[in-house]
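Student: Structure in structure tokens, see below.
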Amino acid sequence: MNRIGKVAMSACAAVMVSSAAYADVTLNSVRVGAVNTVALARFYQSAFGMQEVNRLETPGGPEIFVNFGATVDAAKANKNLRIVIMHRDSDATSDPIPHVILNVTDMAATVAAVKAAGGSMAGDPRPFGTSGMIIGIAVDPAGNRVELIQRP
């Protein structure tokens with residue numbers, strides 16, 4: 037094989053290897069932080085119907101995994117991605133970007149549940165342009181912003 041052929045083969049192999057490196061990448065979970073991870077897990081249970089499905093003991097406090105389900109067994113069986121609540125030293129956050137995005141079917145009922153569970157809203161939910169969607173930004177008790185999307 038001539039030099040150009042070898043270079044071309046090497047380039048093709050490199051592209052194939054780099055493409056294959058991304059083929060098996062998927063989202064594992066979403067992580068939020070709180071000083072009191074146990075209390076924040078209770079908020080996610082009360083506001084969004086999530087259950088604790090796993091707990092890791094760490095030096096800063098437990099890292100708690102929650103998922104949707106009417107019972108713990110149902111939440112463990114649920115194939116949806118989990119929210120992982122890990123310890124952080126302060127709940128004084130200044131990050132304006134929601135790191136959790138949840139689909140909801142009834143924005144008004146979800147807003148009421150968020151408030152009843154000890155969270156708040158960063159303004160009133162509003163229509164997203166002419167898409168028919170309604171977007172709201174909830175704030176959990178640890179200051180994490182949760183985007184709520186109600187589709188038409």
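Residue numbers for the sequence shown follow our numbering, beginning at 37 and rising by one. For every residue, glycine included, the Cβ atom is placed at its ideal position computed from N, Cα and C.
Which residues in the same chain have their Cβ closer than 6 Å to the Cβ of residue 124, if we skip the five residues on either side of it in sequence?
Tutor: Same-chain partners within the cutoff: 69.
Student: By the 10 Å Cβ neighbour count, where 16 or more other Cβ atoms means buried, how is residue 150 classified, buried or exposed?
Tutor: Result: buried.
Student: Determine, using beta carbons only, whether residue 134 and residue 183 come nearer to each other than 7 Å.
Tutor: Their beta carbons are under 7 Å apart, which means residue 134 touches residue 183 by this criterion.
Student: What residue range does the alpha helix (DSSP H) around residue 82 cover?
Tutor: Where residue 82 is concerned, the enclosing alpha helix (DSSP H) stretches over 73–84.
Student: Determine whether the Cβ of residue 123 lies closer than 7 Å to any Cβ atom of chain D.
Tutor: Going by chain labels, chain D is absent from the structure shown, which holds only one protein chain.
Student: Among the residues of its own chain, which have a CB less than 6 Å from the CB of residue 28, if the five just before and after it don't count?
Tutor: The question about residue 28 has no answer here: the residues shown for the chain are numbered 37 through 188.
Student: Could you have a look at residue 148 and say whether DSSP puts it in helix, strand or coil?
Tutor: In the structure shown, residue 148 sits in a helix (DSSP, three-state: H, G or I).
Student: Distance, Cα to Cα, residue 77 vs residue 100?
Tutor: Near 7 Å, if we compare the C-alpha coordinates of residue 100 and residue 77.
Student: For the segment 163–179 and the segment 108–119, state whether three or more C-beta atom pairs, one from each stretch, are separated by less than 8 Å.
Tutor: Taking 8 Å as the limit for Cβ pairs, the verdict is that the segment 108–119 does not touch the segment 163–179.
Student: Use the C-beta contact count for residue 83: other C-beta atoms within 10 angstroms, 16 or more gives buried, fewer gives exposed.
Tutor: With 16 or more Cβ atoms within 10 Å of its Cβ, residue 83 is classed as buried.
Student: Return the chain-ordered list of same chain residues with a C-beta closer than 8 Å to the C-beta of residue 128, the five sequence neighbours on each side being excluded.
Tutor: So the list reads 179, once near-sequence residues are dropped.
Student: Between residue 52 and the rest of its own chain, which residues show a CB-CB distance below 8 Å, the 5 nearest in sequence each way excluded?
Tutor: Below a pLDDT of 50, predicted positions are generally treated as unreliable, and residue 52, at 47, falls in that range; the measurement from the model is reported next regardless. Answer for residue 52: no residue qualifies.
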